[in-house]
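Okay, so here's the structure we're looking at.
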Amino acid sequence: NPYAGLVSHLRASWLSGKTRPMEYRVAQLEALGRFLDEKKQEILEATELDMGKPSFEAFFSEILLCKNELNITLNNLCHWMKDEHVDKNLVMQLDSAFIRKDPYGVVLIIAPWNYPIHLFLVPLIGAIAAGNCAIIKPSEISKNTERLIAETLSCYLDNDCFAVVTGGVPETTRLLENKFDYIFFTGSPPVGRIVMTAAAKHLTPVTLELGGKNPCYVSDTCDVTNVARRVAWGRFFNAGQTCIAPDYLLCTVEMQDKLMPALREAITEFFGPNPRESPDFGRIVSDKQFRRIRALLGSGRVAIGGQMDEAERYIAPTVLADVLPSDPAMQEEIFGPILPIVVIANMDEAIDFINARPQPLAVYAFSCDSKVVNQVLERTSSGGFCGNDTLMHVTLTSLPFGGIGNSGLGKYHGKFTFDTFSHHRGCLHRNMGLETLNTPRYPPYTQQKLRLLTTTFEVKRRGTCTLL
Amino acid sequence: MERMQQIVGRARAAFNSGRSRPLEFRIQQLKALERMVQEKEKEILAALKADLNKSGPGAYGHEILGVLGELALAMEKLPSWAAPQPVKKNLLTMRDEAYISYEPLGVVLVIGAWNYPFVLVMQPLIGAIAAGNAVVVKPSEVSENTARLVAELLPQYLDKELYPVVTGGVPETTELLTQRFDHILYTGNTAVGKIVMAAAAKHLTPVTLELGGKSPCYIDKDCDLAVACRRITWGKYMNCGQTCIAPDYILCDPSIQSKVVENIKVTLKEFYGEDVKSSPDYERIVNKRHFKRVLGLLEGQKIAHGGETDEASCFIAPTILTDVSPESKVMEEEIFGPVLPIVTVKSVEEAIEFINRREKPLALYVFSNNKQLIKRVISETSSGGVTGNDVMMHFFLSTLPFGGVGHSGMGAYHGRCSFETFSHRRACLIKDLRMESTNKMRYPPGSQKKI
Numbered sequence: 001n002p003y004a005g006l007v008s009h010l011r012a013s014w015l016s017g018k019t020r021p022m023e024y025r026v027a028q029l030e031a032l033g034r035f036l037d038e039k040k041q042e043i044l045e046a047t048e049l050d051m052g053k054p055s056f057e058a059f060f061s062e063i064l065l066c067k068n069e070l071n072i073t074l075n076n077l078c079h080w081m082k083d084e085h086v087d088k089n090l091v092m093q094l095d096s097a098f099i100r101k102d103p104y105g106v107v108l109i110i111a112p113w114n115y116p117i118h119l120f121l122v123p124l125i126g127a128i129a130a131g132n133c134a135i136i137k138p139s140e141i142s143k144n145t146e147r148l149i150a151e152t153l154s155c156y157l158d159n160d161c162f163a164v165v166t167g168g169v170p171e172t173t174r175l176l177e178n179k180f181d182y183i184f185f186t187g188s189p190p191v192g193r194i195v196m197t198a199a200a201k202h203l204t205p206v207t208l209e210l211g212g213k214n215p216c217y218v219s220d221t222c223d224v225t226n227v228a229r230r231v232a233w234g235r236f237f238n239a240g241q242t243c244i245a246p247d248y249l250l251c252t253v254e255m256q257d258k259l260m261p262a263l264r265e266a267i268t269e270f271f272g273p274n275p276r277e278s279p280d281f282g283r284i285v286s287d288k289q290f291r292r293i294r295a296l297l298g299s300g301r302v303a304i305g306g307q308m309d310e311a312e313r314y315i316a317p318t319v320l321a322d323v324l325p326s327d328p329a330m331q332e333e334i335f336g337p338i339l340p341i342v343v344i345a346n347m348d349e350a351i352d353f354i355n356a357r358p359q360p361l362a363v364y365a366f367s368c369d370s371k372v373v374n375q376v377l378e379r380t381s382s383g384g385f386c387g388n389d390t391l392m393h394v395t396l397t398s399l400p401f402g403g404i405g406n407s408g409l410g411k412y413h414g415k416f417t418f419d420t421f422s423h424h425r426g427c428l429h430r431n432m433g434l435e436t437l438n439t440p441r442y443p444p445y446t447q448q449k450l451r452l453l454t455t456t457f458e459v460k461r462r463g464t465c466t467l468l
Numbered sequence: 001m002e003r004m005q006q007i008v009g010r011a012r013a014a015f016n017s018g019r020s021r022p023l024e025f026r027i028q029q030l031k032a033l034e035r036m037v038q039e040k041e042k043e044i045l046a047a048l049k050a051d052l053n054k055s056g057p058g059a060y061g062h063e064i065l066g067v068l069g070e071l072a073l074a075m076e077k078l079p080s081w082a083a084p085q086p087v088k089k090n091l092l093t094m095r096d097e098a099y100i101s102y103e104p105l106g107v108v109l110v111i112g113a114w115n116y117p118f119v120l121v122m123q124p125l126i127g128a129i130a131a132g133n134a135v136v137v138k139p140s141e142v143s144e145n146t147a148r149l150v151a152e153l154l155p156q157y158l159d160k161e162l163y164p165v166v167t168g169g170v171p172e173t174t175e176l177l178t179q180r181f182d183h184i185l186y187t188g189n190t191a192v193g194k195i196v197m198a199a200a201a202k203h204l205t206p207v208t209l210e211l212g213g214k215s216p217c218y219i220d221k222d223c224d225l226a227v228a229c230r231r232i233t234w235g236k237y238m239n240c241g242q243t244c245i246a247p248d249y250i251l252c253d254p255s256i257q258s259k260v261v262e263n264i265k266v267t268l269k270e271f272y273g274e275d276v277k278s279s280p281d282y283e284r285i286v287n288k289r290h291f292k293r294v295l296g297l298l299e300g301q302k303i304a305h306g307g308e309t310d311e312a313s314c315f316i317a318p319t320i321l322t323d324v325s326p327e328s329k330v331m332e333e334e335i336f337g338p339v340l341p342i343v344t345v346k347s348v349e350e351a352i353e354f355i356n357r358r359e360k361p362l363a364l365y366v367f368s369n370n371k372q373l374i375k376r377v378i379s380e381t382s383s384g385g386v387t388g389n390d391v392m393m394h395f396f397l398s399t400l401p402f403g404g405v406g407h408s409g410m411g412a413y414h415g416r417c418s419f420e421t422f423s424h425r426r427a428c429l430i431k432d433l434r435m436e437s438t439n440k441m442r443y444p445p446g447s448q449k450k451i
């Protein structure tokens, strides 16, 4: 087992207790902040090399959003770490009852390639804040960022408690043979299953941030220009390689006709007449992904875009019209800059369409009529929901971010990350005196004792009264 | 075996119909459960007596009371638990609606255990119904009378399609686990917990595993031994030691070992009289297999008290072992029987080290007059839950999450925690379709100014 030594080294550090004091956690978190500040240029460059990530986008998702999470955590850590006192029942009035936030121990964070800094760093913030040691496994597909993380993170964090492991599938498989106290995985559902199966062998709890096809319903009553902008922004950000991107659009044929020129205009506004020359439009991360996405173009008809360049791994912002549910683009998560439009007759049909498919990470609905937005929300199920916009719900850290069903289990962001990496331990610290109060619970059991027990333990519905 | 597919399929269709979602429906079902417990109290107590020789008041106090309490709490609090929870907004979302919506997960599987066969099926069921799910209930076949009763009663009181009961043993449970559920709550042992999680992984089903382990009980020299030992005796020998949160073994200084034994002996007489076997309040081991298993743990041990057995009735007397070696069989597995080993340690440091060398237990107990010492033991160890200066009582406070960590389990339930365990917390952000100008700064073309 090639990683056994590393894991046991981290476990020894964990057992020494050094990651537990708040000062230590704050110091490590501040070091992560310095990493983001000092290595900003390198991060922008590495992500540009990996997937042509526009520096505006990279700054926003890899630096700004991460710094926000860091600051929210640093601002609130003291409060989050405190024992949470809970309401007590009658019998325990003189006791101390609280929930402790205990670290788990040695955790594993497996990150994907599409937001390669953000998707390891934000979980890591929570893991450190909660007092754990961590092994970080960045994706080998975003190889420049992988190298950057492997080479520089160790200059900032305590190497006895935090380590980076690089490699591909074989290395990750071997890594997963070890016992971890928590595993946080972001990636695809099939690999999510493999991770959870490996975790089951050690009874390791997991958070799985997976994916799916995020539907975007556009009703007939809406401001077409604004819808087109918000949808185009969400779809083409990072060249479509975003787990919460609107994957496909559902609307009536009339709306499809109205949307098309608006989408065309939005794309031009964002990326100019030739997006290939825009510094603000990314590239596909690998040849394998490029070929996969290219194959999806044989769906419906290309209404906007469709141009490609394999050498550059460039796929133009593309909109497909009249796509059928049986078309290739509707068989898998697109994860590319292609927006299929599937025509439906009305909202009910759209909702049925969504519910006939696995639960996605996000559902989007656009309408000037708030009742329509609420209907879609109430009658569907998804990790999260955003009405009248795309992606934005994940930038609000007071909202939990996670999937359901095939799109994942668990949640994080903000305090939820801290909670994810903490064991919530129920503690009752009782009084050694007042032993007579305990008499009703001891044998020999009698009806009289039972009546007493019932009176003191019972939760009564409001509207009734108990005389002691 | 298509039977399982049909049962689960029917539950899913029933869930998809949407009828389990309105709060009125959920409360109506919970009320029906409450009626069931009240009307069928005699039958429930009879089943518990047949399965584990639990006495009437004992069974009522340990199983029925808790269920009624949980039902009353859920019915009272459901509207507030289920209400959308607005969240703190940032500058960009100031004018938007941002909240967490509590939604049912879908079809939930509850697998019960045999030691508290009624409450361990009912308490999860209550939470799952309160959260709006369909629930497939699989009581333990080992406590066969209670399993049979639950299978008879639930369809008489609850919606038959939404809340089916499946009975059977390992083959039936294995078949059931091939179906897709939206959450599985399993109470039982570590080995089967792994099997349940592996089966759940195939469908990416989240799990709550309430497992077990050896819950240590540290007795400090500085404490009221009489009180401590009374409380420990209560917890250890309740249900003949077959309690997942029973104090499994004692750690104490050698100088107080014999006093501990004496105090427990006195308490045992107080609780069960001179002849334990004839006390109506002392239970039996659930079956011959477990009887033989627990008996085997006594081999080679110094029996300071007890040790009498009667295979015919699966009776094992309350037993105390002294000077137990950490390497012995009784210290390897969860005892789950009325055998209390005492392992001596010279200091609290040694006790903490001893505990930390082993798998994380479901519960941890520490008795001391010294508050700082108790705080220290808690902060330097890890366990599902803790009770200081008593045993098991943290289980009875519904505002505390009840669950394990590491080998003792994952996830938690009880009270509001049950509701949250069986709910999906969906992030909802509703923006205005107008006010586009605030969005302009995020759109390309990017520029330094926008940043």
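Chains A and B supply the protein sequences, listed in that same order.
UniProt numbering numbers the first residue of the first sequence as 1 and each following residue consecutively.
UniProt numbering numbers the first residue of the second sequence as 1 and each following residue consecutively.
Glycine included, every Cβ here is placed at the ideal spot set by N, Cα and C.
Treat the numbers as computed from the prediction; the structure is a model and nothing was measured.
is_contact[residue i, chain B] using C-beta, thresh 8 Å
i, result
"Met260 of chain A", "no"
"Thr197 of chain A", "yes"
"Trp14 of chain A", "no"
"Leu468 of chain A", "Confidence at Leu468 of chain A is low in this model, with a pLDDT of 38, below 50, so the placement of that residue is unreliable and no value is reported for it."
"Val86 of chain A", "yes"
"Pro112 of chain A", "no"
"Cys368 of chain A", "yes"
Where the beta strand (DSSP E) through residue i begins and ends
i, result
"Ile111 of chain B", "107 to 111"
"Ile137 of chain A", "In the sequence as presented, Ile is not what sits at residue 137 of chain A; that position holds Lys. Segment 133 to 137, the beta strand (DSSP E) holding Lys137 of chain A."
"Ala46 of chain A", "First-last for Ala46 of chain A: 40 to 51, but that is the alpha helix (DSSP H), not the beta strand (DSSP E)."
"Arg229 of chain A", "Here Arg229 of chain A belongs to no beta strand (DSSP E); instead the alpha helix (DSSP H) covers 224 to 236."
"Arg321 of chain A", "Here the sequence assigns Ala to residue 321 of chain A, which means Arg is not the residue at that position. Its beta strand (DSSP E) spans residues 318 to 321."
"Cys240 of chain B", "Here Cys240 of chain B belongs to no beta strand (DSSP E), and DSSP marks it neither H nor E."
Cβ separation of residue i and residue j, assumed to be a contact under 8 Å, to the nearest whole Å
i, j, result
"Pro246 of chain A", "Cys216 of chain A", "4 Å"
"Leu298 of chain B", "Thr319 of chain B", "7 Å"
"Val108 of chain B", "Gly411 of chain B", "Going by Cβ atoms, the distance from Val108 of chain B to Gly411 of chain B rounds to 12 Å, so no, they are not a contact pair."
"Leu364 of chain B", "Val386 of chain B", "5 Å"
"Leu120 of chain B", "Ala113 of chain B", "5 Å"
Endpoints, alpha helix (DSSP H) assigned at residue i
i, result
"Ser370 of chain A", "370 to 379"
"Val196 of chain B", "190 to 202"
"Gly352 of chain B", "Sequence check: residue 352 of chain B is Ile here, not Gly. 348 to 356 is the span of the alpha helix (DSSP H), which, as asked, contains Ile352 of chain B."
"Thr167 of chain B", "Thr167 of chain B -> no alpha helix (DSSP H), and no H or E assigned at all."
"Thr267 of chain B", "254 to 272"
"Gly56 of chain B", "56 to 59"
"Leu124 of chain A", "118 to 129"
"Gly9 of chain B", "2 to 16"
"Tyr442 of chain A", "Per DSSP, Tyr442 of chain A belongs to no alpha helix (DSSP H) and is neither H nor E."
"Cys66 of chain A", "65 to 81"
C-beta neighbour in chain A for residue i, strict 8 Å
i, result
"Leu89 of chain B", "Residue identity check: residue 89 of chain B is Lys in the sequence provided, not Leu. It does; some Cβ of chain A falls within 8 Å."
"Arg358 of chain B", "no"
"Ser17 of chain B", "no"
"Pro124 of chain B", "no"
"Lys288 of chain B", "no"
Contact test: residue i Cβ vs the ligand SAH heavy atom, cutoff 7 Å
i, result
"Thr243 of chain B", "The ligand SAH is not part of this structure, which contains no ligands at all."
task = Compile a chain-ordered list of the residues in the region 429 to 441 of chain A whose CB is closer than 9 Å to at least one CB of chain B.
result = Residues passing the 9 Å Cβ filter: His429, Arg430, Asn431, Met432, Gly433, Glu435, Asn438, Pro440, Arg441.
inquiry  = Along the region 433 to 445 of chain B, where does the CB come closer than 8 Å to a CB of chain A? Name the residues.
reply    = With the criterion set as a beta carbon lying under 8 Å from some beta carbon of chain A, the members of the region 433 to 445 of chain B are Leu433, Arg434, Glu436, Asn439, Arg442, Tyr443, Pro444, Pro445, in sequence order.
inquiry  = For the pair the region 172 to 189 of chain B and the region 52 to 66 of chain B, tell me if three or more CB-CB distances fall below 8 Å.
reply    = Contact fails: fewer than three Cβ-Cβ distances are below 8 Å.
task = Indicate whether the contact test is met: 3 or more Cβ pairs, each with one atom in the region 208 to 227 of chain A and one in the region 140 to 150 of chain A, closer than 8 Å.
result = A contact is defined here as three or more CB-CB pairs under 8 Å, and the region 208 to 227 of chain A fails this definition with respect to the region 140 to 150 of chain A.
ask   = Is the region 96 to 103 of chain A close to the region 217 to 230 of chain A, with three or more CB pairs under 8 Å?
value = The region 96 to 103 of chain A and the region 217 to 230 of chain A do not touch, with fewer than 3 CB-CB distances between them shorter than 8 Å.
request  = Scan the region 219 to 239 of chain A for residues whose Cβ lies nearer than 8 Å to a Cβ of chain B and list them as they occur along the chain.
outcome  = Per Cβ criterion, the list reads Cys222, Asp223, Thr225, Asn226, Val227, Arg229, Arg230, Trp233.
inquiry  = Using a Cβ-Cβ cutoff of 8 Å, what residues of the region 215 to 238 of chain B are near chain A? List them in chain order.
reply    = From the region 215 to 238 of chain B, only Cys223, Asp224, Val227, Ala228, Arg230, Arg231, Trp234 have a Cβ closer than 8 Å to chain A.
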